[in-house]
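Going down the list, the protein sequences come from chains R, Z, H and D. Be aware that the first sequence starts at 1, since it is given in the numbering used here, and climbs by one per residue. Be aware that the second sequence starts at 1, since it is given in the numbering used here, and climbs by one per residue. Be aware that the third sequence starts at 1, since it is given in the numbering used here, and climbs by one per residue. Be aware that the fourth sequence starts at 1, since it is given in the numbering used here, and climbs by one per residue.
Protein chains: 4
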Amino acid sequence: MAILFFAGALRTDSSNKKFAREALRLAESLGKKGQFVDLRDYDMPLYDGDVEASSGIPAGVKKLGEAILAADALVISMPEYNSSISGVLKNALDWVSRIKPSPWDGKHTLLLGASPGAMGAIRCLYHARQIFDALGMYVFPGTMGLAKSYEAFDENGKLKDEKQIQQLQSLLEKFIKHAGI
Amino acid sequence: MAILFFAGALRTDSSNKKFAREALRLAESLGKKGQFVDLRDYDMPLYDGDVEASSGIPAGVKKLGEAILAADALVISMPEYNSSISGVLKNALDWVSRIKPSPWDGKHTLLLGASPGAMGAIRCLYHARQIFDALGMYVFPGTMGLAKSYEAFDENGKLKDEKQIQQLQSLLEKFIKHAGI
Amino acid sequence: MAILFFAGALRTDSSNKKFAREALRLAESLGKKGQFVDLRDYDMPLYDGDVEASSGIPAGVKKLGEAILAADALVISMPEYNSSISGVLKNALDWVSRIKPSPWDGKHTLLLGASPGAMGAIRCLYHARQIFDALGMYVFPGTMGLAKSYEAFDENGKLKDEKQIQQLQSLLEKFIKHAGI
Amino acid sequence: MAILFFAGALRTDSSNKKFAREALRLAESLGKKGQFVDLRDYDMPLYDGDVEASSGIPAGVKKLGEAILAADALVISMPEYNSSISGVLKNALDWVSRIKPSPWDGKHTLLLGASPGAMGAIRCLYHARQIFDALGMYVFPGTMGLAKSYEAFDENGKLKDEKQIQQLQSLLEKFIKHAGI
Chain R
1 MAILFFAGAL RTDSSNKKFA REALRLAESL GKKGQFVDLR DYDMPLYDGD
51 VEASSGIPAG VKKLGEAILA ADALVISMPE YNSSISGVLK NALDWVSRIK
101 PSPWDGKHTL LLGASPGAMG AIRCLYHARQ IFDALGMYVF PGTMGLAKSY
151 EAFDENGKLK DEKQIQQLQS LLEKFIKHAG I
Chain Z
1 MAILFFAGAL RTDSSNKKFA REALRLAESL GKKGQFVDLR DYDMPLYDGD
51 VEASSGIPAG VKKLGEAILA ADALVISMPE YNSSISGVLK NALDWVSRIK
101 PSPWDGKHTL LLGASPGAMG AIRCLYHARQ IFDALGMYVF PGTMGLAKSY
151 EAFDENGKLK DEKQIQQLQS LLEKFIKHAG I
Chain H
1 MAILFFAGAL RTDSSNKKFA REALRLAESL GKKGQFVDLR DYDMPLYDGD
51 VEASSGIPAG VKKLGEAILA ADALVISMPE YNSSISGVLK NALDWVSRIK
101 PSPWDGKHTL LLGASPGAMG AIRCLYHARQ IFDALGMYVF PGTMGLAKSY
151 EAFDENGKLK DEKQIQQLQS LLEKFIKHAG I
Chain D
1 MAILFFAGAL RTDSSNKKFA REALRLAESL GKKGQFVDLR DYDMPLYDGD
51 VEASSGIPAG VKKLGEAILA ADALVISMPE YNSSISGVLK NALDWVSRIK
101 PSPWDGKHTL LLGASPGAMG AIRCLYHARQ IFDALGMYVF PGTMGLAKSY
151 EAFDENGKLK DEKQIQQLQS LLEKFIKHAG I
């Protein structure tokens, strides 16, 4: 089966989209199947209980929920906005968690983060861990925070630094082994 | 000057909107001026760096930023979605923080939370405190988490329980005194 | 092999010691072997880098480290002091983490919490999860916060409420299955 | 009146003791009075409810509580152990919080952190902020995390880097102004 990779940002040139795609490439080199999906392709409004009551769960949310449900495991790369996860990612979490049973429940998940600063999204990953734990997901203890993300990728979206590639590959190996996938 | 009251939810019948309005009513009874604003009235898309780069900060975001900037202090009541603040509120924070200088900076802020469960949004308030601290806001240490929020308000939106009214009024008095407004 | 049960408090009559012992009793009823250890029996000073440099790791710390290393999984019940884990538990974590390789590394761990208040140690469990994740432990997403702990146990230290017994037993079953022990 | 400076570590050569002393030196250069106290001079056991019940609050705890009570404001520099505050500091917090009324209540507090790594105690400061907020303290939003602390001080315990001195002095000025002391 497959691992689902996505990023918690919408911007086309997002470092976190690149980071998630690199993780997919390395997972494939380890013999695993996977798929990258772009949140931009899942149309969803801001969560509004009135919208849910009158129109139900939007089609874009359902589609994302199905992709999550079908996956054996998740790898999510996220930017840090104001010391926490992005409103974009939180909104997707909030919407998808309204599907019953919750597609998040019991998913093995690896969290990654990329940020332009020196800290590599560390505070964001802290919040994310608590939120995803609360959703019943098995969040892998290891993570990788990529600092100075604007300089980290070449024009093909590959990590330039061989050490970072090794770090990410090693992390994926441990995650895959732990998740038993 | 005035205290700005708002809630981190869109739903018309939101308990947090009621809670914020009750706080306004009690602040006025203490002789303070204030204003309730509804996030629903500030049109804003999900944050997208491409949108910002091509079109700048949306008008709804600017309008909310101006209301925050003009206020002497903020009282924000927030729902707990998946153990953290709502995507709706986080998205508003993320967008408004893109205005330079940041309207959030240095604002005295009181955090409230209402939730249908027994915990009264306590985990959400924990995350919110970290996020708002990081935005340079002076977050008041005290808070009030309103549990079982669906039963807490009468048909006019007033808190039914006199003890809860006393608790909120006392909290507002301490906050107003501390903020020096 | 065995599951190690302990509590993050020293007091003889600690509700968390009772809670950990109840968890042991229920794990045994599920056919698992386990052992309860009392932090009071592991003599350890407050962590002091000078003491470590001059005298090495204290005997009590080594003994606790060996018990953790020998266990297949951990069940830790902890009190909430000032919204976080107790100094007693943190001090034990800090000392044991000085043993190389770290006995904590890779342990499947279930966190429990008992508190006299209404919240059931929820904020403490939040901090604990972050700390234990950072130690490389596999912290089970599920937990059980026991509120009003002073009234929860009978004179033999058993939970009075059959529903709480069911809840704890069900949680242990899920944890044991997930940990593969 | 005076600002009380202390560090959350016992080791004699602790970087955090140096950081707290530097903060005192700079506060004095701003015309403020202050005092550095060393937790090593306040004898206190690990918190134990049985000890408290049989012997009351230990003399070392009372003495520290009096120093805190007498201060107009606190500046605390803390190491990060296992992603959170040290057991030593948490134990001191837990003990002092048992004094009624709590010496912590309503104190303006500036948090600092020094660590040998690249992150400058950032996760520790996150936990500390939540704990101190819960104690009713007014934790200043700004902070300073000193990374690579082993190289940061000269043989007289002064910060070597003039930019770091400026940063700390500027932070102290803002804190003093905000606290109104």
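Quick reminder that beta carbons are idealized off the backbone N, C-alpha and C, glycines included. Note that the structure is a prediction, hence the values are computed from the model and not measured.
With H, G and I counted as helix, E and B as strand and the rest as coil, what does DSSP make of residue i?
i              : result
residue 67(Z)  : helix
residue 145(R) : strand
residue 46(H)  : coil
residue 10(H)  : coil
residue 136(Z) : coil
residue 2(R)   : strand
residue 121(H) : coil
residue 62(D)  : helix
residue 30(Z)  : coil
residue 170(R) : helix
residue 152(H) : coil
residue 181(Z) : coil
residue 37(R)  : strand
residue 165(R) : helix
residue 76(D)  : strand
My understanding is that residue i touches residue j, with C-beta atoms under 8 angstroms, so please give their C-beta distance in whole angstroms.
i              : j              : result
residue 64(R)  : residue 96(R)  : 6 angstroms
residue 72(D)  : residue 181(D) : 5 angstroms
residue 166(Z) : residue 152(Z) : 14 angstroms between Cβ atoms; not a contact.
residue 87(Z)  : residue 87(R)  : 5 angstroms
From the options, pick the residue whose C-alpha is nearest to that of residue i; which is it?
i              : options                           : result
residue 68(D)  : 12(D), 25(D), 126(D) and 137(D)   : 137(D)
residue 53(D)  : 13(H), 88(H), 159(H) and 174(H)   : 13(H)
residue 23(R)  : 110(R), 124(R) and 151(R)         : 110(R)
residue 149(Z) : 32(Z), 160(Z), 140(Z) and 26(Z)   : 160(Z)
residue 108(H) : 90(H), 127(H) and 139(H)          : 139(H)
residue 120(Z) : 28(Z), 43(Z), 55(Z) and 85(Z)     : 85(Z)
residue 16(H)  : 166(H), 147(H), 162(H) and 177(H) : 147(H)
residue 142(R) : 25(R), 38(R), 116(R) and 169(R)   : 169(R)
residue 100(Z) : 4(Z), 135(Z), 125(Z) and 127(Z)   : 135(Z)
residue 37(H)  : 27(H), 28(H), 26(H) and 76(H)     : 76(H)
residue 40(Z)  : 6(Z), 70(Z), 25(Z) and 28(Z)      : 6(Z)
residue 98(Z)  : 62(Z), 28(Z), 171(Z) and 154(Z)   : 62(Z)
residue 104(R) : 70(R), 35(R) and 171(R)           : 70(R)
Do residue i and residue j have their C-beta atoms closer together than 8 angstroms?
i              : j              : result
residue 93(R)  : residue 48(Z)  : no
residue 173(H) : residue 74(H)  : no
residue 89(D)  : residue 8(D)   : yes
residue 58(D)  : residue 78(D)  : no
residue 117(Z) : residue 18(Z)  : no
residue 33(Z)  : residue 176(Z) : no
residue 42(Z)  : residue 60(Z)  : yes
residue 91(Z)  : residue 131(R) : no
residue 21(H)  : residue 133(R) : no
residue 122(D) : residue 122(R) : yes
residue 187(R) : residue 178(Z) : Given a span of 1 to 181 for chain R in the structure shown, any question on residue 187(R) remains unanswerable.
residue 80(D)  : residue 115(D) : yes
Does residue i get closer than 8 angstroms to chain B when you measure Cβ to Cβ?
i             : result
residue 47(Z) : No chain B is part of this structure, whose protein chains are labelled R, Z, H and D.
Which parts of the segment 82-123 of chain R are runs of the alpha helix (DSSP H), unbroken and 4 residues or longer, counting only runs that do not cross its ends?
87-96
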